Every structure is written in structure tokens, then in C-alpha cells.
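Following my numbering, the numbering of the first sequence begins with 4 at its first residue and continues without gaps.
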Amino acid sequence: MTHTIRQSVLFTKTRKDTPKDEVSKNAQLLIRAGYIHKEMAGVYSLLPLGLRTFNNVVQVIREEMDAIGGQEMIMTALQDPEVWKTSGRWEDTAVDIWFKTHLHSGEQYHEGAELGIANTHEEPLTRMLKDHISSYKDLPKFIYQFQTKFRNETRAKSGIMRTREFVMKDLYSFNTDEKSFREFYEKCAEAYLRIFNRIGIGEKTYRTFASGGSFSRFSDEFQTISDAGEDMIYINDTTGTALNKEVNTTEVIKDLGWEGVSLREERAIEVGNIFPLGTRFSDAIGLTYKNEEGEELPVVMGSYGIGPARAMGTVAEVLSDERGLVWPEEIAPFKYHLVVLDNGTEEVRKEAERLFREMESRSMSVLFDDRDVRVGEKFADSDLIGIPKRVIVSEKTLAAGEYELVTRATGATTYIREQELLDN
RNA sequence: CGGGGCGUAGCAUAAUGGUAGUGUACUCGGUUUGGGACCGAGCGGCCCGAGUUCGAUUCUCGGCGCCCCGACCA
Numbered sequence: 004m005t006h007t008i009r010q011s012v013l014f015t016k017t018r019k020d021t022p023k024d025e026v027s028k029n030a031q032l033l034i035r036a037g038y039i040h041k042e043m044a045g046v047y048s049l050l051p052l053g054l055r056t057f058n059n060v061v062q063v064i065r066e067e068m069d070a071i072g073g074q075e076m077i078m079t080a081l082q083d084p085e086v087w088k089t090s091g092r093w094e095d096t097a098v099d100i101w102f103k104t105h106l107h108s109g110e111q112y113h114e115g116a117e118l119g120i121a122n123t124h125e126e127p128l129t130r131m132l133k134d135h136i137s138s139y140k141d142l143p144k145f146i147y148q149f150q151t152k153f154r155n156e157t158r159a160k161s162g163i164m165r166t167r168e169f170v171m172k173d174l175y176s177f178n179t180d181e182k183s184f185r186e187f188y189e190k191c192a193e194a195y196l197r198i199f200n201r202i203g204i205g206e207k208t209y210r211t212f213a214s215g216g217s218f219s220r221f222s223d224e225f226q227t228i229s230d231a232g233e234d235m236i237y238i239n240d241t242t243g244t245a246l247n248k249e250v251n252t253t254e255v256i257k258d259l260g261w262e263g264v265s266l267r268e269e270r271a272i273e274v275g276n277i278f279p280l281g282t283r284f285s286d287a288i289g290l291t292y293k294n295e296e297g298e299e300l301p302v303v304m305g306s307y308g309i310g311p312a313r314a315m316g317t318v319a320e321v322l323s324d325e326r327g328l329v330w331p332e333e334i335a336p337f338k339y340h341l342v343v344l345d346n347g348t349e350e351v352r353k354e355a356e357r358l359f360r361e362m363e364s365r366s367m368s369v370l371f372d373d374r375d376v377r378v379g380e381k382f383a384d385s386d387l388i389g390i391p392k393r394v395i396v397s398e399k400t401l402a403a404g405e406y407e408l409v410t411r412a413t414g415a416t417t418y419i420r421e422q423e424l425l426d427n
């Protein structure tokens, strides 16, 4: 990614009007600020500002997954039905969100063999691992990807929060036994909390005890408090963890040892989910290894997902204000928004150009608003786009010999000398 | 999938059984310049199909699309 862009040539402009077909805050702001483009319901393209932000979220996740031993790869979106039939998940009655297609064959289009379009990757990955795992010496393995999933949701909603096509970071763990699996599972849970801290929603995100679906009794979700959420959770403030409403039974409360603890009910967005798969897929597909005694045993698996776009949408929901988006530094499309207020004054323009080149030569991340528009429009756009630090160059700052530095999140204004700015 | 609402210009909106007005954006000219300023000129539009009618953007039916609530969400 380039470090700098001039706003006069930036692809996408902001817009004043809220699109009538979006109600959710994340979509309204991201569209108005020029981060995303809606193709159709539940299908959004990422524009330059959006892609930069998205890539930054991806990079945070990547670093944390690598740090716990994850190895990145990428699998295909086209999938062979055979392996899905083996696990019993090919039929629409088993999984109702499949997009499926056919191979071109004979004289007719789409008359050949059926193909699946990826909605998840447990089956093909488990089958792939059979080629590479045969001994306890080959384990454990932690494999992940950022890959596009296609899900025919009955109802896409809430902007980029529930879409039909989205990139997911899905990591799969392969261990010899339950104990080593658990150790990794806990490490991954910690890594997830670090990720949500780094992207700015840590304080509002809770590890949440949840249903394990058809794979296991329980799973862990990472839920961020927000009115835009789909889930209800009950937070235990003494443990700092929560419980999903769907498993809020007296039995579960007892299992957790939470009897008599007062729980705080909140609406929340599921930004991540990790869960044990046990031997559900290794049994069905035949992924086994030989232990030191030469016994053949099924590999113990786990699955760990985060949708970077949903995470981005969650940040938009949670941190934005009435004027627009507010990005934390770690994921902002740019660190600095350099705004020149020259009013046609050659001197001021030259000074801003000079500062921009200085910042550029230091590889600083800068969006330079070099447009010839009024101050109100520049400030309104700057607020909307939500870059963390705004540097203003004007006649005032030229006279003062210092630049104005405004923090987007707080609106706090200070003055900063050039050297101090460049040394940052 | 059940229920509700809505499709008019790039975007946001208004009116209307006789082809459509406004704001914004865009183009040109001028005045302005620390919070989306002003004046003038210009470009640009009724989701698709069938029906009713002399005539449909408007009414009826069907389709498609979009939003919301619910169900669903490996």
C-alpha cells in the first residue's frame, strides 16, 4: 500500500446524503465516507479507503495468529461435493446456505458435475491434511487463511455485518489429543482478545460462553456490546466474561459456578467465534495419525473464525460519533489527515506541499486534502472519514510557526512544531 | 421463509390519469474563504412486464429489487 494519497485524486468522494436503503450506522457512514460500495443486498465492494482499513484489520489478525503458531495458506472457493457427502453436509437439508453450481459439459451450460461454492472449509481442509499427516510427529498443526465465503443467507442485514459474500479468517487446529487441543484453544482465545484490543473494541468485547451448534456442547464467542448486535448476552462483571442468552439455563449457570451472581444483560455483536470440533470431521473423513505405540487415532480438531469486515463494521458502530467515523490508529486508512486552508494564498499552499513531501519522504501515512474547497467542507469530510490525527496548515499556523494538530476522537486541539511531527 | 414498508436524475426527495418540481452532486461564469457560503446559467430522471384507458410515472395484477421485524444463522 502506498503511504500517501492526495485527496484531489482519491477515488471516491464523500456524500452528504444518507443512502435511503441503509439504516445501519456502519453502512451509512462507510458509504457516505467512501469506504464501501453496495453491489446488492448483502454484497459490498471495498473502495480504496475501505480496503486500506480492511487490510489493516487483516494484518492485526495475521500477526496474532502467526504469534501462536498459525501458518497462513489459502484454499479455493470452488469445492468438490464428494468430501461434503462423506461428512453428510452436502444436502441442502443439512446446510441450507449453500451456493452451488455445475461444470460446463457437453452442449449445455451447467449440465456437468455439481460444484460447491465455499461457505466454510472444514471438509476440504481435513481431506487435504490426510496427504500430510500420518504420525504424531506431524502434529500439532495450526492452519489459517483469509478466504471468501459465500453464504445464501435468508436475510442479509445490518450493512456489512451479515453479508452473503465475505472474507473470513478461519484457522483450524489439528492436535493429537484433547489436552494439547485445549492448550491451543486457550492460547487462541487470548490472541483473540489481543486482536480486539488492538482494533479498538477491547473494552467492550467479552469472551462469551455459547452453544456449540452441532459440533460440540459449547463454544466461545467474542461479543462486542452494541445496539447493532444480533445477540443478547449476560455479562458477569466479576469474571469479565459473558454467557449467550441461547444457553442461559439454570444447568449452564450451575456448570459455570455463576449461581447467585448478578448478570448484566447487553445486546452484542459476535465478532469472533472459536469452537472445538473434536473428531467430528477426522472420523468422517478419515484423518488419523499413528501414536508412539503405533495405534491409529483420529486427529482432534478446532475451528476459529473472525470476519475482518464485520470487525471493521463493529468498530464503525462502536467508535463513530454524530460527525462520522473514528478509527483507532492501528486500523485507520491513514494516520494523518493533512488539511491545507490556503484560501488562494500561494505561501500557505507551498508550505503545505513542502510539509507533505517531508512526511512522504519519511514514509508517514498521510491523506493530503489538497482540494480547492471551502474550509467547512474540508473539516466536515475530515470528520466523516475519521483519520485519527488532523494536521492543519493555514495562514494562522504559518504565522505561529507551528501546525495545528487535532485528535479526531476527542476533538482536542494542540500545536506542534514540524520537527516534532516528523519525528513521530 | 412469515409479516410490514418502499422503488421518480449520481445521491436525497415532491407532485401528478395528459411525460415531472426542488435540494445536492456535476459543467460554465462571477462574488466569497477557519465549519458543507452566495448569485446566475446549464446537463441529467418515473424498476420491468401485462392489463384498464384516447392516454399510465400515477390505477390493477404479476415479476424483480431494496429496507425493517420475526424465524434462521456450520
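C-beta atoms are modelled at their ideal positions from N, C-alpha and C, and glycine is treated no differently.
Only a predicted model underlies this, so the values are computations on that prediction, with no experimental measurement involved.
Counting of Cβ neighbours within 10 angstroms places ASN247 among the buried residues, the total reaching 16 or more.
Using a Cβ distance threshold of 7 Å, ALA287 and SER90 count as a contacting pair. With distances taken between CA atoms, TYR175 lies nearest to TYR147 out of MET362, TYR147, ARG65 and ILE100. Looking from the CA of TYR418, the closest CA among ALA271, ILE395 and ASP426 belongs to ILE395. For ASP372, the uninterrupted beta strand (DSSP E) segment begins and ends at 369-372. Here VAL250 is near SER214, since their CB atoms are less than 7 Å apart. For LYS88, the enclosing alpha helix (DSSP H) covers residues 84-90. Under the three-state reduction of DSSP, ASP258 is assigned to helix. Annotated three-state conformation of TYR38 is coil, per DSSP. Less than 7 Å divides the Cβ of SER366 from the Cβ of HIS6. Relative to the Cα of GLY232, the nearest Cα in the group ASN29, GLY260, THR17 and GLU363 belongs to ASN29. For ASN178, the three-state secondary structure derived from DSSP is strand. If you ignore the 5 residues before and after GLU125, its C-beta comes within less than 6 Å of the C-beta of PHE284, all in its own chain and listed in chain order.
Here LEU358 is buried, its C-beta having at least 16 other C-beta atoms within 10 Å. Here DSSP, grouped into helix, strand and coil, assigns VAL329 to coil. Partner residues in the beta bridge of ILE395, as assigned by DSSP, are VAL342 and GLU407. DSSP places ARG270 in the uninterrupted beta strand (DSSP E) bounded by 267-281. Non-local C-beta neighbours of LEU280 in its own chain, meaning closer than 6 Å and more than five positions away in sequence, comprise PHE218, MET304, GLY305 and SER306, ordered along the chain. Here the alpha carbon of ARG411 sits roughly 27 Å from the alpha carbon of TYR195. Annotation for LEU32: ALA319, SER323, GLY327 and LEU328 place their beta carbon closer than 7 Å to its own, counting only its chain and skipping 5 residues before and after.
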